[in-house]
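*Asks:*
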Amino acid sequence: MSTVATNQQTGFVGKASNYLDERTSISGAVKEFGRKIFPDHWSFLLGEVALYSFVIILLSGSFLTFFFQASMSPVEYAGSYVPLKGVEMSAAMSSTLDISFDLRGGLLMRQIHHWAALLFVAAIGLHMLRVFFTGAFRKPRELNWSIGFVLFVLAMAEGFTGYSLPDDLLSGNGLRIIDGMVNAVPVVGTWITFLLFGGEFPGSDIVGRLYTLHILLLPALVLIFIVLHLMFVIIHKHTQYPGPGKTEGNVVGFPILPVYAAKAGGFFFIVFGIVALMASLVTINPIWAYGPYDPSPVSAGTQPDWYIGFADGALRLIPPHLETVWLGYVWSWNILIPILILVVFLAAAFAYPFIEAWVTGDKREHHLLDRPRNAPTRTAIGAAGVTFYAVLWAAASSDIIATHFKVTMEGVINTLQILLILGPIIAFSVAKRVCLALQKKDRTMALHGFETGRIVRLPGGEYIEVHQQLDVYDRWKLVSFNDNAPLMLRPNPKGKITGGMRMRVRLSRWFFEERIAPVTPTEHALELESSHH
Amino acid sequence: MAKNESGPADIVPASGHESSSAIVLGTAVVSPDAYTDPGLPPHRLRVVDTDPKAAKKAERVVYALFYISIIGSVFAVFAYMFFSLDSNDLNSVRLNNLYIGLGITLSLMAIGIAAVHWGKAVMADKEGVDERHPTRGTEETRARALEIFKEADAESGFSRRSLIRNGLIASLIAFPLPAIALFRGLAPMDVDPNNELKHTMWEKGLRLTRDPSGLPIKASDLTIGSAFQVIPEGLIDLPEHEKLDAKAKAAVILVRMNPDDLNWSSAERESWSYQGIVAYSKICTHVGCPVALYEQQTHHLLCPCHQSQFDIENECKVIFGPAARPLPQLPITVDSEGYLVAASGFNEPIGPSFWERLN
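Chains as they are written, first to last, in numbering that gives the first Met the number 0: chain A, 0 to 532; chain B, 0 to 358.
#1: With a threshold of 8 Å between beta carbons, is C315(B) in contact with chain C?
#2: From T519(A) to A27(B), what distance separates their C-alpha atoms?
#3: Answer yes or no: does any C-beta atom of chain A fall closer than 8 Å to that of L181(B)?
#4: So what's F427(A) in DSSP terms, helix, strand or just coil?
#5: Here's a check: name, in chain order, each residue in its chain whose Cβ is nearer than 6 Å to the Cβ of E522(A), leaving out the five neighbours to either side.
#6: Taking the CB atoms as reference points, tell me whether P165(A) and M92(A) lie closer together than 8 Å.
#7: Is the segment 132 to 145 of chain B close to the segment 70 to 86 of chain B, with three or more CB pairs under 8 Å?
#8: Quick test of the definition: if touching needs 3 or more C-beta pairs under 8 Å, does the segment 216 to 229 of chain A touch the segment 8 to 26 of chain A?
#9: At a Cβ cut of 8 Å, what residues of the segment 166 to 192 of chain B count as close to chain A, listed as they run along the chain?
#10: Buried or exposed: where does G85(A) fall if 16 or more other Cβ atoms within 10 Å of its Cβ makes it buried?
#11: May I ask which residues mark the beginning and end of the alpha helix (DSSP H) holding D48(B)?
#12: Output the distance between the C-alpha atoms of G499(A) and R363(A), rounded to the nearest integer angstrom.
#13: At which residues does the beta strand (DSSP E) containing Y338(B) begin and terminate?
#14: Please report whether the beta-carbon of N483(A) lies at a distance below 8 Å from any beta-carbon of chain B.
#15: Near F367(B), which residues of its chain fall below 8 Å by C-beta distance, leaving aside the five closest residues on each side in sequence?
#16: Strictly by DSSP, which residues pair up with D129(B)?
#17: Counting only Cβ pairs nearer than 7 Å, list the residues of chain A close to K281(B).
#18: Give the interface partners of K119(B) over in chain A, defined as CB-CB distance under 9 Å, in chain order.
#19: Going along the chain, which residues of its own chain have a beta-carbon closer than 7 Å to the beta-carbon of L102(A), five neighbours each way excluded?
#20: Rounding to the nearest angstrom, what Cα-Cα distance links R474(A) and T64(A) in this structure?
#21: Name the chain A residues that come within less than 7 Å of I359(B), Cβ to Cβ?
#22: What number of angstroms, rounded off, separates the C-alpha of L145(B) from the C-alpha of A151(B)?
#23: Can you pull the chain A residues whose beta carbon is under 7 Å from the beta carbon of L107(B), in chain order?
#24: Name, in chain order, the residues that DSSP records as bridge partners for R209(B).
#25: Select from T359(A), P254(A), A374(A) the residue whose C-alpha is nearest the C-alpha of K35(A).
#26: Ignoring anything shorter than 3 residues or poking outside the segment 430 to 473 of chain A, list the beta strand (DSSP E) runs there in chain order.
#27: Using beta-carbon positions only, say whether I276(B) and L253(B) come within less than 8 Å of one another.
#28: Would you tell me roughly how many angstroms separate the C-alpha atoms of Q467(A) and S530(A), rounded to the nearest one?
#29: Any beta carbon of chain B sitting closer than 8 Å to that of V206(A)?
#30: State yes or no: is the C-beta of G248(A) within less than 8 Å of the C-beta of G25(B)?
#31: Does M127(A) come out as helix, strand or coil in the three-state DSSP assignment?
#32: Here's the rule I'm using: 16 or more other beta-carbon atoms within 10 Å means buried, otherwise exposed. How should F62(A) be labelled?
#33: Ordered along the chain, which non-local residues of its own chain (more than five positions away) have a Cβ less than 7 Å from that of T332(B)?
#34: Per DSSP, E87(A) is paired with what?
#35: If you follow the alpha helix (DSSP H) that H403(A) is in, where does it begin and where does it stop?
#36: For the segment 323 to 342 of chain B, list every residue whose C-beta sits within 9 Å of some C-beta in chain A, in sequence order.
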């Protein structure tokens, strides 16, 4: 079919887009998405940082695969790093040293890869916290929270498999710990480690196997889940912070073309630039200082990469002697309990959106975010979770804390053990009090306006400070929030009260009993009237 | 004020944009007496919108940054060429890393900042508003989707022909089984891990040798308070990966103490030592890190990974940290030439616990 050239189809751009459209029907996508609106807020960049770190990891990682040898076959190191010359090590370690010392820019690429990996997990974590504390996980985004959670776990798995590849002393000890942990799993543990390591630890297979996971299977999964995650962002459209003119029925912001493309595209280069800067200036994972893996030596102050810290910390905090023999088999509670704690913690994070949805019974779509203070119990739960994680994480550095601050190792561990239980409780109540206090402050502000600092003497001699009422836009920010009241226990239509209903009422009371309702216009009018008398 | 919500009674008539479905508020309170949204605040102009000089400057900054980026890229290429790696000079690695890295940083950051500045200061500051639509499809679409499933079910007989359906489900459950079986090949077929985990190289008469030299040790080599890292005789002659596998189980720490400081639970246990010299497995009973730190003053062995502490004075019992069991002791004695040898292998499996450890 011949096309009549319109005005738009002359010139190179016109012709090229016509050529493409007639073969791909891409004009539809441009029409649909080209001017799609995205809201603006710094906290929305955290997810972008995660995405961009992943791109950086793919780019730098691809480069590294051209030089890295994922083999544990023994070689005698013959590269430039003199202290290790002639030392027997695996090809994996030797090729990693070659990348670092005998390939121009190789060390830079290794460091970019490692820094970007650390940033990747960190950005995912912060992004999750943003989503949690603003309630962005509420309907219709519960499933996208689950997808994001899977990405978080995949990112940690990517990190750990990558960390283990160079076959240096630290990574070998990391694998040894995994071996010891899996061995503790009842019934199948011994066999799983046996299959994983291709025989006894360390064997000569594990690096090759982790490599396949690290560069093929896990990245493919991460990619698939990122695509799903972003697909849902498009389907749901982005959430926005509450404010004047922003409703559950609209998105206020800037269009993809051109402003968002420029800002988000530019931001990719900024993130990449910062990672490159860190890689040029700050050493990361200097495997040459650790040497090749050997099961006997280990240096003091060993640390895993930061995101494994919470798991390592859990292993450290368990009290001694927790092992029982039952039915002739060994139950290693000293490992099973930490594993269980981690699994329950992660499962709770995974399930939270569904639990909150059940408690509130709210079936509306939520596209306006909550300010954290306006959901005091949720914020408090988040604070408790963060504290729990932080204590486990600190525990992974218990020895460093002890040597650095010149306190006893036992003291640090015992303190952290207590903090692991008390910390979240304290964090919960402090965060909740702070939220309620901030809500009260908002109420006062909405009712009375702000203090002007202007002191006026009245004819009767009385001094008053003049308050200035907020303008409509500022007041709207303080009075327009999602308000919940606790549920009352009433029998269902069949006249029954089920256990589930009791549970739900109890949780609902825990969530919403302490409640600061938003200021209403009537209340405000009354307040104004009374202050004028 | 508790909210009275009991099942279907709280279905509130629809309002707003979710017109197609009834809204269930749950515990949410929607007050009829609430403020109304004042709408978007008036647009505020940027400096670049009112001041042509500022606009011109912003434009200059953006293109200048793009050209600066090119300088960064070229610099990085030159750095690659001129800061070569000299195998006799470690500093050359540092300089190579630093200058290529800084060039790339400049090239990337300049593009990034230019693009963002372009978006914020030069491009039109036109805020837009998109309407949202409910995530669920329209009633019509949903009805049609349901209808399609019903039609497909009727045409295939998926529900009606239960024998076919159940056959399909059963075969889908069975077909991955061969794949699971195939993965048995990840580890050698004729080896039982339990057996492997319970045996180390140590056996009666095998000399204790120093790690890594492999030189045998005389009792007189050890002064009181000194500690040696020990491997069994012959370990260093094993092929490389067998060597690591064997060492991961056989590594031993040898300490000489004043015999009076050692407390023993039985005379037999005491006989496992030789004149105050004791040998313990170096593999932590927690998760298997080497218990590499020996505190000479307190006679404690400390695992640097998770800080388990073992007391040499008391048969290496756990005195702190997550480990559950004492370090296994290697019975030692001396041979006719005065060298330290194992009196037997370990009397229990070394290292971390595993399910079948006691079977």
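Each residue gets a CB set at the ideal place from its N, CA and C atoms; glycine is no exception.
*Replies:* Here's the rundown:
#1: In the structure shown, chain C cannot be found, because the protein chains are A and B.
#2: Translated into positions along the first sequence, residue 519(A) becomes position 520. Translated into positions along the second sequence, residue 27(B) becomes position 28. The alpha-carbon atoms of T519(A) and A27(B) are separated by roughly 16 Å.
#3: The residue labelled residue 181(B) in the question sits at position 182 within the second sequence. For L181(B), the answer is no, since every Cβ of chain A falls outside 8 Å of its Cβ.
#4: If you number the first sequence from 1, residue 427(A) lands on position 428. Three-state DSSP puts F427(A) in a helix.
#5: The residue given as residue 522(A) occupies position 523 in the first sequence. None.
#6: By 1-based counting over the first sequence, the position of residue 165(A) is 166. By 1-based counting over the first sequence, the position of residue 92(A) is 93. Cβ distance < 8 Å, so P165(A) and M92(A) count as in contact.
#7: no
#8: no
#9: F182, R183, L185, A186, P187, V190, P192
#10: Reading the first sequence from its first residue, position 86 is the one you call residue 85(A). It counts as exposed.
#11: Locating residue 48(B) in the second sequence gives position 49, counting from the first residue. 46 to 49 is the extent of the alpha helix (DSSP H) around D48(B).
#12: As a working mapping, residue 499(A) is identified with position 500 in the first sequence. As a working mapping, residue 363(A) is identified with position 364 in the first sequence. One C-alpha to the other measures close to 22 Å.
#13: For this step, residue 338(B) is matched to residue 339 along the second sequence. First-last for Y338(B): undefined, no H or E at that position.
#14: In the first sequence, residue 483(A) corresponds to position 484, counting from 1. So, interface residue.
#15: Here chain B covers residues 0 to 358 and nothing more, so residue 367(B) does not appear.
#16: The residue you call residue 129(B) lines up with position 130 of the second sequence. D129(B) is bridged to V250(A).
#17: Working through the second sequence from its first residue, we reach residue 281(B) at position 282. Simply S295.
#18: Position 120 of the second sequence, counted from the start, is the residue given in the question as residue 119(B). Residues of chain A passing the Cβ test: V258, A261, K262.
#19: As a working note, residue 102(A) is residue 103 in the first sequence. Correct list, in chain order: F66.
#20: Here residue 474(A) corresponds to residue number 475 of the first sequence, with the count starting at 1. Here residue 64(A) corresponds to residue number 65 of the first sequence, with the count starting at 1. When rounded, the distance between both Cα atoms is 57 Å.
#21: No information on residue 359(B) is available, as it lies outside the stretch 0 to 358 that chain B covers here.
#22: Indexing the second sequence from 1 puts residue 145(B) at position 146. Indexing the second sequence from 1 puts residue 151(B) at position 152. Each residue's Cα considered, the two are about 10 Å apart.
#23: On the second sequence, position 108 is the one that residue 107(B) refers to. The contacting residues are F268, F271, G272, A275.
#24: Position 210 of the second sequence, counted from the first residue, corresponds to residue 209(B). In the DSSP output, where bridge partners are listed per residue, R209(B) has V229(B).
#25: As a first step, residue 35(A) must be located in the first sequence, where it is residue number 36. Of the listed residues, the one whose Cα sits closest to K35(A) is P254(A).
#26: 449 to 456, 462 to 467
#27: In the second sequence, residue 276(B) corresponds to position 277, counting from 1. In the second sequence, residue 253(B) corresponds to position 254, counting from 1. Against a cut-off of 8 Å, the Cβ pair of L253(B) and I276(B) comes out as a contact.
#28: Position 468 of the first sequence, counted from the start, is the residue given in the question as residue 467(A). Position 531 of the first sequence, counted from the start, is the residue given in the question as residue 530(A). In a straight line, the C-alpha of Q467(A) is about 13 Å away from that of S530(A).
#29: Here residue 206(A) corresponds to residue number 207 of the first sequence, with the count starting at 1. Cβ-Cβ to chain B under 8 Å: no for V206(A).
#30: Taking the first sequence and counting its residues from 1, the one referred to as residue 248(A) is at position 249. Taking the second sequence and counting its residues from 1, the one referred to as residue 25(B) is at position 26. Against a cut-off of 8 Å, the Cβ pair of G25(B) and G248(A) comes out as no contact.
#31: On the first sequence, residue 127(A) is found 128 positions in, with the first residue counted as 1. Here M127(A) sits in helix by DSSP.
#32: Numbered from 1 along the first sequence, position 63 holds the residue referred to as residue 62(A). That one is buried.
#33: On the second sequence, position 333 is the one that residue 332(B) refers to. Here the set comprises Y273, V340, A342.
#34: Counted from its first residue, the first sequence places residue 87(A) at position 88. DSSP output for E87(A) lists E75(A) as bridge partner(s).
#35: As a position in the first sequence, residue 403(A) is number 404, starting the count at 1. Start and end: 397 to 403.
#36: A323, R324
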